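Asks: Numbered according to this note's numbering, the sequence shown terminates at residue 351, and the numbering increases by one at each position without gaps.
Don't be surprised by glycine CBs; every beta carbon is placed ideally from N, CA and C.
All values derive from a computational prediction rather than experimental measurement.
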Amino acid sequence: MHTKMETRVIREITPLSENDFMYVADRHKKEFDYPIHIHDVLELNFVANAAGARRVVGDSSETIDNLDLVLITSPDLEHVWEQHECKSEDIHEVTVQFRINFDMTTSVLRFKCYKSILHMLVRAKHGLAFPCEAIQLVYHRLVKLSTIEDGFIAVQEFFYILYELSKFDNARELATSSFAKIGIESESKRILKVKNYIDEHYKEELGLEQLAGLVGMTPTAFSRYFKQRTSKNISEYIVDIRLGHAARLLIDTADSVSEICWRTGFNTLSNFNRLFRKRKGCSPTEFREKYQKTKVII
């Protein structure tokens, strides 16, 4: 039996009304002081001149360089930018919060011309960090967005920015699916069957032959097929799923690290600690402490 911890993540009330499409905030500041939060609207957040700041999105925690651009489309994915080691006296931040209807019977996204944008928005449920070349491509358009007075022109310009960003397949998903509680979408039937099985049985011992047998493939063929479809080998994927659940338990419960280790399918505590540090950049205990420091009760 695990002990539930008090939920401390702020649900931000955005300035968007039901009739508004987007809100743009362009600001210069000396520090990051907003706490970890979630919100019902989608968000594209650009940060410049803030090298050394720490960006937390779900169970991803990274120190950023001078340019950072992240798209978040899940209403339950907590995120925050923290001061950390940033010494800048002039941090430039542009935040675009917007609404898009994902109902494919009525949404504008159902049309073929928006296919790449839709794919990007779905991936961004994990939080999506864009490479430097993508940021440089849209930088000038982003910083001019708040100066456009005509609402129609501003929306068209923003869709152009989204379209340009959607061309970058090397944008990185940040939070793991199991941490962010994101369902598996748009997968082949074979991959979907295996992923669903792993999500239900991640606490158990899982072998390549066993998983390949689920879809009637040899281990070698299945291993190659899974890597081609997911860009990860099967062992990496299983570890990511287990670590996502472990990170969630570290935040949501008061269970000990060793209890969480066994509950998420790891064989030894030393292996759990090693893999957690390798993937998250800190120990499980440090991860828990860091989250508690960034959260506030509201």
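Is it right to say Ile66 is buried, meaning 16 or more other beta carbons lie within 10 angstroms of its own, or is it exposed?
Replies: Classification for Ile66: exposed.
Asks: In the structure shown, what three-state DSSP assignment does Lys280 receive?
Replies: Residue state, collapsed to three classes: helix.
Asks: Which partner residues does Trp134 have in the DSSP bridge list?
Replies: Answer is Arg108, bridged to Trp134.
Asks: Per DSSP, which one or two residues make a beta bridge with Phe319?
Replies: Note: Phe319 sits in no beta bridge, so no partner.
Asks: Cβ of Phe99 within 8 Å of any heavy atom in the ligand SAH?
Replies: Inclusion of the ligand SAH in the displayed structure is not the case, the ligand content being empty and no account of it being possible.
Asks: Can you tell me whether His92 is buried or exposed, with buried defined as 16 or more other CB within 10 angstroms of its CB?
Replies: With 16 or more Cβ atoms within 10 Å of its Cβ, His92 is classed as buried.
Asks: For His145, which of helix, strand or coil comes out of DSSP?
Replies: Note: His145 maps to strand in three-state DSSP.
Asks: Using DSSP with H/G/I as helix, E/B as strand and the rest coil, what is Ser199?
Replies: Of the three classes helix, strand and coil, the one that applies to Ser199 here is helix, per DSSP.
Asks: Keeping to the same chain, check which residues put their C-beta closer than 6 Å to that of Arg243; ignore five residues upstream and five downstream.
Replies: The residues are Val268.
Asks: So Val149 and Val100 are supposed to be a Cβ contact under 8 Å. How far apart are they, rounded?
Replies: The pair is not a contact, with the Cβ atoms about 13 Å apart (cut-off 8 Å).
Asks: Tell me, to the nearest whole angstrom, how far the beta carbon of Gly105 is from that of Glu138; I am working on the premise that it is less than 8 Å.
Replies: Right, their Cβ atoms sit about 4 Å apart.
Asks: If contact is defined by three or more beta carbon pairs under 8 Å, each pair taking one atom from either stretch, is the stretch 80-95 in contact with the stretch 125-136?
Replies: Cβ pair count under 8 Å is three or more, so yes.
Asks: May I have the straight-line CA-CA distance separating Leu198 from Asn98, to the nearest angstrom?
Replies: Straight-line Cα distance between these residues: approximately 13 Å.
Asks: Using the beta-carbon count (16 or more within 10 Å), is Ser239 buried or exposed?
Replies: Below a pLDDT of 50, predicted positions are generally treated as unreliable, and Ser239, at 48, falls in that range; the measurement from the model is reported next regardless. It counts as exposed.
Asks: Hey, is the stretch 311-327 in contact with the stretch 293-301, meaning 3+ C-beta pairs nearer than 8 Å?
Replies: Touching, per the Cβ criterion.
Asks: Leaving out five residues before and five after Asp73 in sequence, what residues of the same chain have Cβ atoms less than 8 Å from its Cβ?
Replies: Around Asp73: Arg152.
Asks: Assuming Leu162 and Leu171 form a contact by the criterion Cβ under 8 Å, report the distance between their Cβ atoms to the nearest whole angstrom.
Replies: Between Leu171 and Leu162 the Cβ distance is about 4 Å, and since that is below 8 Å, they are a contact.
Asks: On the criterion of 16 or more Cβ atoms from any shown chain inside 10 Å, does Met75 qualify as buried, or is it exposed?
Replies: Buried, because 16 or more other Cβ atoms sit within 10 Å of the Cβ of Met75.
Asks: So what's Ala300 in DSSP terms, helix, strand or just coil?
Replies: Helix at Ala300.
Asks: What three-state label does DSSP hand Val77 in the structure shown?
Replies: Here Val77 sits in strand by DSSP.
Asks: I need the boundaries of the alpha helix (DSSP H) containing Ala207, first residue and last residue.
Replies: From DSSP, the alpha helix (DSSP H) with Ala207 extends over Gly204 to Ser219.
Asks: On the DSSP letters alone, give me the boundaries of the beta strand (DSSP E) that Asn36 sits inside.
Replies: The first residue shown for the chain is 54 and the last is 351, placing residue 36 beyond what the model contains.
Asks: Between the stretch 201-220 and the stretch 256-276, can you find at least three pairs of beta-carbon atoms closer than 8 Å?
Replies: In short, these stretches do not touch, since the Cβ pair count stays below three.
Asks: Nearest-angstrom Cα distance between Asp293 and Ser309?
Replies: If I take the Cα positions, the gap works out to 20 Å.
Asks: Count the other C-beta atoms from every protein chain shown that fall within 10 angstroms of the C-beta of Gly260, then say buried if there are 16 or more, exposed otherwise.
Replies: Its Cβ having fewer than 16 others within 10 Å, Gly260 is exposed.
Asks: May I have the straight-line CA-CA distance separating Glu257 from Pro68, to the nearest angstrom?
Replies: So the alpha carbons of these two residues sit roughly 46 Å apart.
Asks: State the start and end residues of the unbroken alpha helix (DSSP H) segment that holds Ile170.
Replies: Looking at the DSSP string, the run of the alpha helix (DSSP H) that includes Ile170 is Lys168 to Arg176.
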